[in-house]
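Residue numbers (the numbering used here), protein chains in the order written: chain A, 992 to 1166; chain B, 992 to 1166. The C-beta atom is built at its ideal place from N, Cα and C for all residues, glycine as well. No experiment lies behind these values; they were computed from the predicted model shown. Heads up: the structure comes next, in structure tokens.
2 protein chains.
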Amino acid sequence: MVAALALFGEQGYQATTVSEIAERAGLTQRTFFRYFSDKREVLFGGSGELVRLWVEAVAAAPPEATPLAAVTAGLDPVAEMFRGRHDFARTRAAVIEANPELRERELIKLQNLAGAIGAALVERGVTVGAAVLAAQAGVTVFHVAFADWVRQEDPAAFRRLLDESLAELRSVTAG
Amino acid sequence: MVAALALFGEQGYQATTVSEIAERAGLTQRTFFRYFSDKREVLFGGSGELVRLWVEAVAAAPPEATPLAAVTAGLDPVAEMFRGRHDFARTRAAVIEANPELRERELIKLQNLAGAIGAALVERGVTVGAAVLAAQAGVTVFHVAFADWVRQEDPAAFRRLLDESLAELRSVTAG
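Spelled out as structure tokens, the structure:
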């Protein structure tokens, strides 16, 4: 939904109406509402896909995988999901950064993601404490790498940044 | 503010007015508002003290402390802060659990805590990535231990539960 993002960037998220988004995108409002329940969905509609892909990867990890290994099994499909979305992600990040309500929404979506991954770990027989810690660690690794990715120019860097962020987590918590 | 918590428990958070809280506590509304800006403050007013104590401990950690060691320097003063507050914490947790808006507020407060700890680490010369990862890890350790603490009977267990949660984090992220 690049048209909507462009408008958010030009005139602010709050000030932009669905009618303006639809007009810019060459859609009727009715068509807009077929894809998005409201304008916030333009920004957060991808989170369902992110949760689904990550949870599936956790569930599909080999039975002998440690909790963190099961969590990081999600990094490949997640990086794949964001391939081709660098421009969108960068503009989206700027819109969210400019709006406290959207920043709160983003935090809550990340917590929901951690909750879903944690639940998938518990399904694997991991204790609740270890599941919460491993899921939150994975989501923080993702969050740090994502913030790095939208700040820099190379669209292909995301997978590498995820690995760097994971290595940094291991280094920070070692010893 | 046990009177307020009791009312939240009896009749629900949404349905309870400041006027009822003040009456139950034997206060005028004016006196209530001298201590709390609104009824939500009864639940979240302690978060400023928590942030302050933890950030001070991070800043005061020895210069050679690793990022996570600087973060975990906050666990002693934080455990000390919650001494004598077990009953309050348990009732508060039940009120928050029952209300989605309060659960979101709690998450945001925890994120603010992580942000403040991360900023204190950056002040110490830690890179932003390592600071975010270490701060979030510390807050998750706290969150897991806190959830365990309010679920069980022993008021004195919090410090031990913090250590167990930290050990579990190290175990989960090792290897």
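Check                                                                                                                                                                : Outcome
Determine, for serine 1161(A), whether the minimum Cβ-Cβ distance to residues of chain B falls below 8 angstroms.                                                    : What sits at residue 1161(A) in the sequence shown is arginine, not serine. Output row for arginine 1161(A): interface = yes.
For alanine 1126(A) and arginine 1015(A), I'd like the C-alpha separation in whole angstroms.                                                                        : 39 angstroms
Distance check for arginine 1094(B) and proline 1068(A), CA to CA, integer angstroms please.                                                                         : 30 angstroms
Near threonine 1118(A), which residues of its chain fall below 8 angstroms by C-beta distance, leaving aside the five closest residues on each side in sequence?     : none
Which class does alanine 1182(A) belong to by DSSP, given the choice of helix, strand or coil?                                                                       : Because chain A is modelled from 992 through 1166, residue 1182(A) falls outside the range shown and cannot be assessed.
Could you tell me whether the Cβ of glutamine 1143(A) comes closer than 8 angstroms to any Cβ of chain B?                                                            : no
Is valine 967(A) near phenylalanine 1149(A), with beta carbons less than 8 angstroms apart?                                                                          : Past the boundaries of the shown model lies residue 967(A); chain A is included only from 992 to 1166, so the question cannot be answered.
Quick check on the burial criterion: 16 or more other C-beta atoms within 10 angstroms. Buried or exposed for threonine 1019(A)?                                     : exposed
Taking a Cβ distance cut-off of 7 angstroms, strictly less, list which residues of the stretch 1110 to 1126 of chain A are near chain B, in chain order.             : Gly1120, Ala1121, Val1123, Leu1124, Ala1125
Cutting at 7 angstroms between CB atoms, please list the residues of its own chain near threonine 1082(A), excluding the five before and the five after it.          : Leu996, Gly1000
Given a limit of 8 angstroms on CB to CB distance, which residues of the stretch 1081 to 1112 of chain A reach chain B?                                              : Glu1095, Leu1098, Ile1099, Gln1102
Compute the distance between the beta-carbons of valine 1135(A) and threonine 1131(B), then report whether it is under 8 angstroms.                                  : no
Check the Cβ-Cβ distances between threonine 1063(A) and every residue of chain B, and say whether any is below 8 angstroms.                                          : no
Which term fits glutamate 1097(B), buried or exposed, when burial requires 16 or more other beta carbons within 10 angstroms of its beta carbon?                     : buried
Considering Cα atoms alone, identify which of Ala1013(A), Val993(A), Met1072(A) is closest to alanine 1048(A).                                                       : Met1072(A)
Please report the distance separating the alpha-carbon of serine 1156(A) from that of isoleucine 1012(A).                                                            : 36 angstroms
If you follow the alpha helix (DSSP H) that serine 1010(A) is part of, which residue opens it and which one closes it?                                               : 1009 to 1016
Taking only beta-carbon positions, decide if proline 1054(A) is within less than 8 angstroms of chain B.                                                             : no
Could you pull the start and end residues of the alpha helix (DSSP H) that serine 1028(B) belongs to?                                                                : Unbroken run through serine 1028(B): none, as it is neither H nor E.
For a contact meaning CB atoms closer than 7 angstroms, what does valine 1135(A) contact in chain B?                                                                 : Gly1120, Val1123, Leu1124
Nearest chain A C-beta to alanine 1050(B) closer than 8 angstroms, yes or no?                                                                                        : no
Can you tell me whether proline 1058(A) is buried or exposed? The criterion is at least 16 other CB atoms within 10 Å of its CB, across all chains shown.            : buried
If the criterion is Cβ atoms closer than 8 angstroms, does the pair tryptophan 1045(B) and leucine 1101(B) meet it?                                                  : no
What's the C-alpha gap between aspartate 1078(B) and aspartate 1078(A)?                                                                                              : 50 angstroms
Relative to the alpha-carbon of threonine 1008(B), which residue among Thr1022(B), Tyr1026(B), Arg1025(B), Arg1031(B) has its alpha-carbon at the smallest distance? : Arg1031(B)
Name, please, each residue of chain B whose Cβ falls closer than 9 angstroms to the Cβ of alanine 1128(A).                                                           : Leu1124, Gln1127, Ala1128, Thr1131, Leu1160, Val1163, Thr1164
From arginine 1161(B) to alanine 1064(A), what does the alpha carbon distance come to, in whole angstroms?                                                           : 19 angstroms
Can you check which of these residues, Arg1142(A), Gly1075(A), Gly1116(A), is closest to alanine 1050(A) by C-alpha distance?                                        : Gly1116(A)
Indicate the three-state DSSP secondary structure (helix, strand or coil) for glutamine 1005(A) in the structure shown.                                              : coil
Closest Cβ-Cβ distance between leucine 1034(A) and chain B: below 8 angstroms?                                                                                       : no
What do you get for glutamate 1144(B), buried or exposed, if any count of 16 or more other CB atoms within 10 angstroms of its CB means buried?                      : exposed
Can you find a CB in chain B that lies within less than 8 angstroms of the CB of serine 1156(A)?                                                                     : yes
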